[in-house]
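Quick notes on the structure that follows.
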Amino acid sequence: MCRFIETIHIECGRIYRLDYHIRRMAATMHSVFGKGDAMCLPGLLVPEKYKERTRCRIEYDDEIRKIEYIPYHIRPVRSLKLVADDEIDYSLKSVDRSSLDRLFGCRGQADEILIVKNGLLTDTSIANIALWDGYRWSTPRIPLLAGTNRQYLLDNGIIHEADIRADDLGNYSKIRLFNAMIEFGEVELDCRMISFV
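Number 151 in numbering that gives the first Met the number 0 belongs to position 152 of the sequence shown; there are no gaps in the numbering.
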């Protein structure tokens, strides 16, 4: 049976965006197992024990199988390489990351990859993205994974969705990477640090 993961940011005893994680888990369970709601996460988590940034990793299928708490440090990303794959599907946050790992292996000298699907930018191997055109931050309308932080930023009008073609990169000056563990603005690169080869 396929297993899924949920990664939750805990810091200073606080759980970040828990409602978004609960909704995504419920949607996954409904889609895959026909269950209507997720497990009762608030009663299972112990955030008060963790002051430093901590990744709470929940592994589940039709029920929670494992909860781990792992110290988290942001991996530096100073360069990106565009990698195309029109078949990749990571719409559910699965334990099986083999397709992402395979593409990550194509990064060459770059720190991270930026995945292009059907000519459109999607995500990196670990994060959603947003690009700055001088006026606003745009995030791909069709990401590989609809991240919880991404949805939070959309709901609060901080970013907006757009179809962004690889050929459009010249219209943007900055790119930000963010996910459940990386807050918006913590990882930002000049778009000139994105290579096409």
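Glycine is no exception: its CB is placed at the ideal position from the N, C-alpha and C atoms.
In the DSSP assignment, what are the bridge partners of residue 189?
For residue 189, which the question treats as bridged, DSSP gives the partners 173.
Do residue 90 and residue 133 have their C-beta atoms within less than 9 Å of each other?
no
For the beta strand (DSSP E) containing residue 57, list its first residue and its last residue.
53 to 59
Mapping the DSSP letters down to three states, classify residue 19 as helix, strand or coil.
helix
Would you mind giving the Cβ-Cβ distance between residue 5 and residue 24, rounded to the nearest angstrom? I have them listed as a contact below 8 Å.
6 Å
Based on Cα-Cα distance, which residue from 101, 92 and 114 lies nearest to residue 85?
114
Among 111, 146 and 104, which one has its Cα closest to the Cα of residue 7?
For the residues 111, 146 and 104, the minimum Cα distance to residue 7 belongs to 146.
Considering only residues of the stretch 88 to 174, which uninterrupted beta strand (DSSP E) runs meet the minimum length of 3 residues and lie entirely inside it, listed in chain order?
111 to 116, 119 to 123, 127 to 131, 136 to 139 and 159 to 161
On the CB-based measure, 16 or more other CB atoms within 10 Å of its CB, does residue 181 come out buried or exposed?
buried
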